[in-house]
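Numbering (our numbering), first residue to last: 579 to 1117. No residue lacks a Cβ here, since even glycine has one placed at the ideal position from N, Cα and C. Right, one structure below, let's go through it.
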């Protein structure tokens, strides 16, 4: 049989693997192919590897060139003004550290980026294309930036995200992963996307439809509800929070029998936010049986008799049987019943009293904390401002600044049920009476920019802390909030705080210099925010 002669320098099968093996074992233990043992063996190995590399590259067949990507969709929004574009570049390139210690007087530009994005989105400008990579990188590192950053980035963010795996979060955040949702009038396309789309597309479709036509979204969900996975049912059910109303009750009542405990609990939570629902009525009967007014004493007091068991009907209505660590079963069940009870129940149950009068009643046997905490959760869930005011009490009251029956976390949530002006007024009164040590959490729920009264209360409290001679680091969180939330017009009023104060004998050494720097940074930041607004122009 004739054979075609093989050239002497033709590559042998497995030659590269043999070179790799020799390199791993070492030339002292294995001689390189075609080489000789000795001091020159390492050089021979590298030469052989170089030759084999050229052979491997030369042996590759040219692949078909990939198609050029389709151009990104046009962004119809007006271009960002030149000055604002330069400001954006500065905000995105700033990486100032905030690791504590002496920060100096320079503003932290990255902390101003969320506010800048909110302002630019309100004005409807399109970003400079060259800024998009840095903007997406910033949003990748900070999830709090993503909604505003992607809204500003527009359709080109999705286009870029398909080309760079580091920016895939933009695909997940965009409705349907960047896929256009069908026209609301196209029922056939809507049903097809709902039945055949990816999970992210289906969530986006349901959320968009729920915001526009709540009943249509609920009907769409009911068509496939029985066949959905438990984790998907939970996510879809959560979308019903938007536009929640009495017409959702039959569907939610059906979900109370779901095989998933989490789905049942979410359905019960949604139903309890509907004070007229059958579940709310059932919970009211149970909770009212636990709470009463004892009139046999000199003054009326509230008595509590928590449930002794959690029966199957309570479980079906969303009461979780097993308490978390450190909680007693009866108090755990009791809190859930009161939380899900319509707040209108209590006036009739407790002698026609108003919410303020009810909250003022003493509670027997150390049940006050549990009862008031459950009323707080109910007021937040039912968005009841009258009960929120009663539970908040006067901001100047002594118990407002301490643990009390209502914690600061609960007060912050209650404040969220009030309008922005009332919220700011309550927090301003709290700070004037109790200072800043416990105010950080409450300030976080106030609208931006702070009102003049709230801003003045914060500045006055900071000034008092400075005069006391303590270091400003204890107030760094509030100072950071002030940089972002004070009205920029307040900058000129702060000029008198820029000088280093005289240090009294009880003051911490050097504290005055630190305070001067902190106030200088605050003033500089406020003036920078004013300049940023001017660069964007009027709304």
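Give the range of the beta strand (DSSP E) segment to which residue 870 is assigned.
Going by DSSP, residue 870 is part of the beta strand (DSSP E) stretching over 869-872.
For the region 931-951 against the region 886-902, are there 3 or more C-beta pairs whose distance is under 8 Å?
Verdict: no, contact absent.
Return the residue from the list 692, 657 and 689 that minimises the CA-CA distance to residue 705.
Distances from the CA of residue 705 to each of 692, 657 and 689 were compared; the closest alpha carbon is that of 657.
Going by DSSP in three states, residue 1105 sits in which element: helix, strand or coil?
Here DSSP, grouped into helix, strand and coil, assigns residue 1105 to helix.
With residue 855 and residue 827 assumed to form a contact (beta carbons below 8 Å), what rounded beta-carbon distance in angstroms separates them?
5 Å between Cβ atoms; contact.
Beta carbon of residue 968, beta carbon of residue 919: below 8 Å?
In terms of Cβ geometry, residue 968 and residue 919 do not form a close pair [threshold 8 Å].
Provide the residue span of the beta strand (DSSP E) that contains residue 936, from first to last.
It is not in any beta strand (DSSP E) - residue 936 instead sits in the alpha helix (DSSP H) that spans 933-938.
Beta-carbon within less than 8 Å of residue 1042's beta-carbon, same chain only, minus the 5 sequence neighbours each way: which residues are those?
For residue 1042, where only same-chain residues beyond five positions count, the Cβ hits under 8 Å are 1013.
Given residue 739, which residues of its chain have a CB within under 7 Å of its CB, disregarding the five upstream and five downstream residues?
Taking residue 739 as the centre and dropping the five residues before and after it, the same chain places the C-beta of 745, 746, 748 and 749 closer than 7 Å to its C-beta, in chain order.
Express the C-alpha separation of residue 844 and residue 812 in angstroms, rounding to a whole number.
Residue 812 and residue 844: Cα-Cα distance of roughly 8 Å.
When 973, 942, 914 and 931 are compared against residue 953, the one with the closest alpha-carbon:
For residue 953, the nearest C-alpha among the options comes from 914.
Given that a residue counts as buried once 16 or more other Cβ atoms are within 10 Å of its Cβ, and exposed if not, what is residue 991?
Buried is the call here.
Does DSSP put residue 1023 in a helix, in a strand, or in coil?
Coil.
Along the chain, where does the beta strand (DSSP E) that runs through residue 880 open and close?
879-882 is the span of the beta strand (DSSP E), which, as asked, contains residue 880.
Which runs of the alpha helix (DSSP H) at least 4 residues long sit entirely within the region 782-811? Give them in chain order.
Within the region 782-811, complete alpha helix (DSSP H) segments of at least 4 residues are found at 792-802, given in chain order.
Of the residues 867, 793 and 1060, which one's Cα is nearest the Cα of residue 1032?
For the residues 867, 793 and 1060, the minimum Cα distance to residue 1032 belongs to 1060.
Whose C-alpha, out of 633, 598 and 1028, is nearest the C-alpha of residue 1062?
Taking only the C-alpha atoms, the option nearest residue 1062 is 1028.
How big is the Cα-Cα spacing for residue 634 and residue 647?
Using only the alpha carbons, I get a separation of about 30 Å.
Under the assumption that residue 662 contacts residue 1114 (Cβ atoms under 8 Å), give the Cβ distance between them as a whole number of angstroms.
The distance from the Cβ of residue 662 to that of residue 1114 is about 5 Å, consistent with a contact at the 8 Å cut-off.
Where do the ends of the alpha helix (DSSP H) carrying residue 840 lie?
Counted as a single uninterrupted DSSP element, the alpha helix (DSSP H) harbouring residue 840 occupies residues 839-850.
Kindly indicate which residue of 984, 972 and 1019 has the alpha-carbon position closest to the one of residue 1000.
For residue 1000, the nearest C-alpha among the options comes from 972.
Within its chain, find whatever has a CB closer than 6 Å to the CB of residue 702; leave out the 5 residues flanking it on each side and keep chain order.
Closer than 6 Å at Cβ, skipping near neighbours: 655.
Under the DSSP definition of a beta bridge, which residues are partnered with residue 941?
Answer is 880.
For residue 878, tell me which candidate among 629, 928 and 861 has the shortest Cα-Cα distance.
Closest option to residue 878, Cα to Cα, is 928.
Does any residue of chain D have a CB that is nearer than 8 Å to the CB of residue 984?
The structure shown contains no chain D; it is built from a single protein chain.
Under a three-way DSSP split, which group does residue 903 fall into?
DSSP places residue 903 in coil when its eight states are reduced to three.
Are the CB atoms of residue 716 and residue 668 nearer to each other than 8 Å?
Contact flag unset, no.
Helix, strand or coil: how does DSSP classify residue 1097 here?
Secondary structure of residue 1097 (DSSP, three-state): helix.
With H, G and I counted as helix, E and B as strand and the rest as coil, what does DSSP make of residue 956?
Residue state, collapsed to three classes: helix.
So if DSSP puts residue 704 in a beta bridge, which residue, or which two residues, is it bridged to?
Looking at the DSSP assignment, residue 704 forms a beta bridge with 657.
Less than 8 Å between the CB atoms is what I'm expecting for residue 870 and residue 912, so what's the real figure, rounded?
In fact, because the Cβ distance is near 13 Å, the residues do not count as touching under 8 Å.
Could you tell me the distance, in whole angstroms, from the CA atom of residue 788 to the CA atom of residue 651?
The straight-line gap from Cα to Cα measures roughly 27 Å.
CA-CA distance, residue 734 and residue 707?
The alpha-carbon of residue 734 is positioned some 8 Å away from that of residue 707.
Using 8 Å for Cβ pairs, my map puts residue 619 next to residue 612. What's the rounded Cβ distance?
Contact between residue 619 and residue 612 is absent: CB atoms are separated by about 11 Å, not below the 8 Å threshold.
Mind checking residue 1078: buried by the 16 CB within 10 Å criterion, or exposed?
Around the Cβ of residue 1078, a 10 Å sphere holds fewer than 16 other Cβ atoms; the residue is exposed.
Host alpha helix (DSSP H) of residue 965 (start-end):
Element bounds for residue 965: 963-970.
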